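Input: a single structure, listed below in structure tokens.
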Amino acid sequence: MEKLVIHGGNRLTGEVEISGAKNAAVAIIPATLLAQDVCRIENIPNISDVICMERILTSMGAVVRYINKHTIEIDTKPVNSYIVPHEMTKKLRASYYLIGALLGRYNRAKVSLPGGCDFGVRPIDLHIKGFELLGATAAVENGMIHAYAEHLTGSAVYMDKVSVGATINVMLAAVKARGLTIIENAAKEPHIVDLANFLNAMGADIRGAGTDVIKIHGVSTLHGCTYSIIPDQIEAGTYMVAAAATHGDVLIKNVIPKHLESISAKLIECGATVTEYDDSVRVQGPRVFRRCNLKTMPHPGFPTDMQPQMSVILTVANGTSLVSEGVWDNRFRYVAQLTRMGANIQVDGKIAVFQGVPELTGTTVRADDLRAGAAMIIAGLIARGTTEIESIIFIDRGYEDYVEKLRDLGADIYRKEIREDGTQPNAAG
Ligand code: UD1
13 MEKLVIHGGN RLTGEVEISG AKNAAVAIIP ATLLAQDVCR IENIPNISDV ICMERILTSM
73 GAVVRYINKH TIEIDTKPVN SYIVPHEMTK KLRASYYLIG ALLGRYNRAK VSLPGGCDFG
133 VRPIDLHIKG FELLGATAAV ENGMIHAYAE HLTGSAVYMD KVSVGATINV MLAAVKARGL
193 TIIENAAKEP HIVDLANFLN AMGADIRGAG TDVIKIHGVS TLHGCTYSII PDQIEAGTYM
253 VAAAATHGDV LIKNVIPKHL ESISAKLIEC GATVTEYDDS VRVQGPRVFR RCNLKTMPHP
313 GFPTDMQPQM SVILTVANGT SLVSEGVWDN RFRYVAQLTR MGANIQVDGK IAVFQGVPEL
373 TGTTVRADDL RAGAAMIIAG LIARGTTEIE SIIFIDRGYE DYVEKLRDLG ADIYRKEIRE
433 DGTQPNAAG
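Take any residue in the sequence shown, note its place counting from 1, add 12, and you have its number in our numbering.
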């Protein structure tokens, strides 16, 4: 087991390269099941969620071959199972994409209910409703979702709520269904567009991804392709906030600035300077942060996955800021950890009131989930003294080489081995 140790107070300066998008990769890897061919995927992030998804495919018979650190080839011809057991899905929320992909391939899927970050109740009723509208029967039995269809038929699918996962799952099931599927009130996140582009490169006929109406004309076969994943919007946003929070000056490279507009807007409101280039953004932090209000919403609104990180700036901003969570029921668990560092935050349901304090102070905190962990790192970078972060396994799920990237920018951060009983190997006594 490892923890992170951060000695706060260093400004981040220099350049950082952003990796491929986690949430696109964990949808595109299961989508290769639809091709029964070899797909080469470039710009794959080297993170544990991706490795976990690759292992699931390998356990089903697929051959996954690393060409280099960021390029893989997946051959799904040898896959011979439509069943994915709990041992494989428990760590990964996105394992539910295997339902749509297996339904598309076999008209049948039996997948254990997924794991992932705990933001309160995470239902999958919209996914199931979508599969049923395409002609499948879907039921939960013994913790497994069992979906089955004689054949899938295109249909109008109206999403009662904007859902990234349900939009992706219906796309996966519909690409090879007979006829036309129209998803209305679809999610518009960048990785929805990326998945649609990937499926189209395999021969699918999907139009409108990135708008709230996606039209899918079913095709009978899909073929292999070579595809490069988009840069990770949330990783880029996290480094933008870290640069601003430390009063630093960082060029964040390999990004799509359009995907970062809502994040740039909030940083500018807090006093930072953000300069956009073709495929990079430069963030310069202000001397003093202005307060601002934040409301998370589906894309193109401010992303819920950036809420904990951006909130760290509000802990030390001038005045009172309101943060309103518009996507998840319970996304303020990290507040307890920031409070331990001296932040003044009151939470009432889906709203948190941040009263800026002069500074945070280092202590031992926990990464409650992936983005909460990223927020703890930013808090550690600006805090006076030493911050130790436990449960960093969550952070490893979604940020490639973050210790190295932060050290290159001037942060004083390192991993430290700890034993299960909390002691350190080679410690005196
Ligand atoms: C994805 C992201 C996650 C991000 C979230 C919102 C991945 C792997 N994960 O999660 O990091 O925080 O989008 O941007 O891409 N809902 C229902 N019924 C359903 C499905 C969802 O009520 O069947 C609700 C959820 O409880 C939540 C809201 O819809 O309140 C949005 O969830 P959704 O967009 O589906 O999130 P995920 O796809 O799970």
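Ideal Cβ positions, reconstructed from N, Cα and C, are used throughout, including at glycine.
These numbers were taken from a predicted model, which means no experiment stands behind them.
Would you mind giving the Cβ-Cβ distance between glycine 260 and arginine 23, rounded to the nearest angstrom? I have them listed as a contact below 8 Å.
Sure, about 4 Å apart at Cβ, within 8 Å.
Just checking isoleucine 136 against the ligand UD1 - is the residue's beta carbon closer than 7 Å to any of the ligand's heavy atoms?
Isoleucine 136: yes, Cβ under 7 Å from the ligand UD1.
Does glycine 32 come out as helix, strand or coil in the three-state DSSP assignment?
Reduced to three states, the DSSP call for glycine 32 is strand.
Spatial neighbours of arginine 120 within its chain, please: CB distance less than 8 Å, with the 5 preceding and 5 following residues excluded, ordered by chain position.
Tyr94, Leu114, Ala159, Tyr160 and Ala161.
With a CB to CB cut of under 6 Å and the five nearest residues on each side skipped, what residues in its chain are close to isoleucine 41?
The residues are Met65.
Any heavy atom of the ligand FMN inside 7 Å of the beta-carbon of lysine 173?
This structure lacks the ligand FMN; the ligands present are the ligand UD1.
Does any heavy atom of the ligand UD1 sit closer than 7 Å to the C-beta of arginine 105?
Checking the Cβ of arginine 105 against the ligand UD1 gives yes.
Given this structure, state the Cα-to-Cα distance separating proline 243 from proline 202, to the nearest angstrom.
Looking at the two C-alpha atoms, the distance is approximately 10 Å.
According to DSSP, alanine 450 sits in a beta bridge with which residue or residues?
With the chain covering 13 to 441 only, the question about residue 450 has no answer from this structure.
Skipping 5 residues on each side, what residues in its chain have a beta carbon closer than 7 Å to that of threonine 165?
Cβ neighbours of threonine 165 beyond the five flanking positions: Leu146, Gly147, Ala189, Arg190 and Gly191.
So, is proline 370 buried or exposed, given that buried needs 16 or more other C-beta atoms within 10 angstroms?
Flag for proline 370 reads exposed.
Within 10 Å of its beta-carbon, does glutamine 319 have 16 or more other beta-carbons around it, so buried, or fewer, so exposed?
Label assigned to glutamine 319: buried.
Below 8 Å between beta carbons: does that hold for leucine 16 and glutamate 400?
Cβ distance < 8 Å, so leucine 16 and glutamate 400 count as in contact.
I want to check one thing, is the minimum distance from the CB of glycine 260 to the heavy atoms of the ligand UD1 below 7 Å?
It does not: the Cβ of glycine 260 is nowhere closer than 7 Å to a heavy atom of the ligand UD1.
What is the DSSP secondary structure of isoleucine 102, counted as helix, strand or coil?
Inspection of the sequence shows that residue 102 is occupied by lysine rather than by isoleucine. Residue state, collapsed to three classes: coil.
Could I get the ranges of all uninterrupted beta strand (DSSP E) runs contained in the segment 346–374, with 3 residues as the minimum, in chain order?
Entirely contained in the segment 346–374, the beta strand (DSSP E) runs reaching 3 residues are, in chain order, 356–360 and 363–367.
For arginine 302, which residues in the same chain have their Cβ closer than 8 Å to its Cβ, ignoring the five residues on either side in sequence?
The residues are Glu281, Cys282, Gly283, Ala329, Asn330 and Gly331.
Please indicate yes or no: does the CB of proline 243 lie closer than 7 Å to some heavy atom of the ligand UD1?
Proline 243: no, Cβ never under 7 Å from the ligand UD1.
Would you please state the rounded distance, in angstroms, between the beta carbons of glycine 142 and valine 176? I believe it to be under 8 Å.
Wrong, their Cβ atoms sit about 13 Å apart, outside the cutoff.
Just checking histidine 158 against the ligand UD1 - is the residue's beta carbon closer than 7 Å to any of the ligand's heavy atoms?
Answer for histidine 158: no, Cβ out of range of the ligand UD1.
Are the CB atoms of aspartate 224 and glutamate 247 within a distance shorter than 8 Å?
Not a contact, by the Cβ cut-off of 8 Å.
Threonine 258 and isoleucine 394 look like a contact to me (Cβ under 8 Å); what is the Cβ gap, rounded to whole Å?
6 Å between Cβ atoms; contact.
By DSSP's criteria, arginine 190 is part of a beta bridge. Which residues make up the other side?
DSSP, once it has assigned bridges, lists Thr165 as partnering arginine 190.
Can you tell me whether glutamine 321 is buried or exposed, with buried defined as 16 or more other CB within 10 angstroms of its CB?
Glutamine 321 should be labelled buried.
Quick check on the DSSP output: the beta strand (DSSP E) that includes tyrosine 108 runs from which residue to which?
Looking at the DSSP string, tyrosine 108 is not in any beta strand (DSSP E), and its letter there is neither H nor E.
Taking its Cβ as the centre, do 16 or more other Cβ atoms sit within 10 Å of lysine 278, making it buried, or is it exposed?
Under this definition lysine 278 is a buried residue.
Residues in its own chain within less than 7 Å of tyrosine 78 by CB, not counting five upstream and five downstream?
Ile84, listed in sequence order.
DSSP state of lysine 270, grouped into three classes?
If DSSP states are grouped into helix, strand and coil, lysine 270 belongs with the helices.
Would you grab the beta carbon distance between glycine 215 and valine 231 for me? Rounded to a whole angstrom, and I think it's under 8 Å.
6 Å between Cβ atoms; contact.
Under a Cβ-count criterion, where at least 16 other Cβ atoms within 10 Å of its own Cβ denotes burial, should threonine 179 be classed as buried or exposed?
Threonine 179 should be labelled buried.
Considering Cα atoms alone, identify which of Ile430, Gly422 and Gly368 is closest to serine 403.
Per the Cα distances, Ile430.
Alpha carbon to alpha carbon, how far is arginine 117 from cysteine 304?
Arginine 117 and cysteine 304: Cα-Cα distance of roughly 48 Å.
Using alpha carbons as the reference points, say which of Ala186, Ala255, Ala256 and Arg219 lies closest to lysine 200.
For lysine 200, the nearest C-alpha among the options comes from Arg219.
If you reduce the DSSP assignment to three classes, tell me which class alanine 121 lands in.
DSSP places alanine 121 in strand when its eight states are reduced to three.
What is the DSSP secondary structure of phenylalanine 344, counted as helix, strand or coil?
Residue state, collapsed to three classes: coil.
Can you tell which of Glu288, Arg343, Thr373 and Val38 has its C-alpha closest to the C-alpha of arginine 352?
Answer by Cα proximity: Thr373.
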